[in-house]
Structures are given as structure tokens and as C-alpha cells.
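Enquirer: The structure is given below, and queries will be raised subsequently.
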Amino acid sequence: MTWQGNPSHHRAKGFTLIELLLTLASLATLSTVAYPLTALMGQHIRELDLQRSLRDIRYAIDAYKTLTTH
Numbered sequence: 838m839t840w841q842g843n844p845s846h847h848r849a850k851g852f853t854l855i856e857l858l859l860t861l862a863s864l865a866t867l868s869t870v871a872y873p874l875t876a877l878m879g880q881h882i883r884e885l886d887l888q889r890s891l892r893d894i895r896y897a898i899d900a901y902k903t904l905t906t907h
């Protein structure tokens with residue numbers, strides 16, 4: 838038995854060049870947006886760590902003053 842269908846209805850499997858280009862453009866756009874956000878998150882984490890350290894130093898100074906004034 839041979840295939841008797843219309844050859845114009847046969848579609849090759851795979852992606853077209855347009856589909857690949859659109860996918861790459863979408864990925865490039867997402868990565869362009871995501872990179873500054875990750876840098877901003879890193880800065881925010883460092884700021885939180887600094888605030889925590891400054892608070893610990895403040896508590897230590899207050900504890901020292903309490904112990905030395907009485």
C-alpha cells in the first residue's frame with residue numbers, strides 16, 4: 838500500500854525560522870529585564886545585612902553603656 842494523499846498537505850516536523858527568531862527575541866527581552874532585577878535584589882540583600890549589623894552594633898553599645906554606668 839502506498840500513500841495516496843495530497844503532497845501539499847504533508848508538513849515537515851520542526852520549527853520555522855520565524856518561530857525560532859520570535860523565541861530568541863522573547864528570551865532576549867526577558868533576560869534584559871531579569872538581569873537588572875537580580876542586581877537590584879543583590880543590593881537589597883546587602884542593605885538588609887548592613888542594617889542587621891548596624892542594629893547589632895547599636896545593641897552592643899547600649900549594653901556596654903548599661904554595664905559601665907551602674
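All residue numbers for the sequence shown refer to the working numbering, where the first residue is 838 and numbers rise by one.
C-beta: ideal position from N, C-alpha, C; glycine also.
All values derive from a computational prediction rather than experimental measurement.
Where does G879 fall in DSSP's three states?
Expert: Working through the sequence shown from its first residue, we reach residue 879 at position 42. It is helical.
Enquirer: Look at the alpha carbon of L887 and the alpha carbon of I894, and state the distance between them as a whole number of angstroms.
Expert: Working through the sequence shown from its first residue, we reach residue 887 at position 50. Working through the sequence shown from its first residue, we reach residue 894 at position 57. Approximately 11 Å, taken between the alpha carbons.
Enquirer: If you draw a straight line from the C-alpha of L885 to the C-alpha of L859, how long is it?
Expert: The residue labelled residue 885 in the question sits at position 48 within the sequence shown. The residue labelled residue 859 in the question sits at position 22 within the sequence shown. Computed Cα separation, rounded: 39 Å.
Enquirer: Please state the DSSP three-state secondary structure of K902.
Expert: In the sequence shown, counting from the first residue as 1, residue 902 sits at position 65. Reduced to three states, the DSSP call for K902 is helix.
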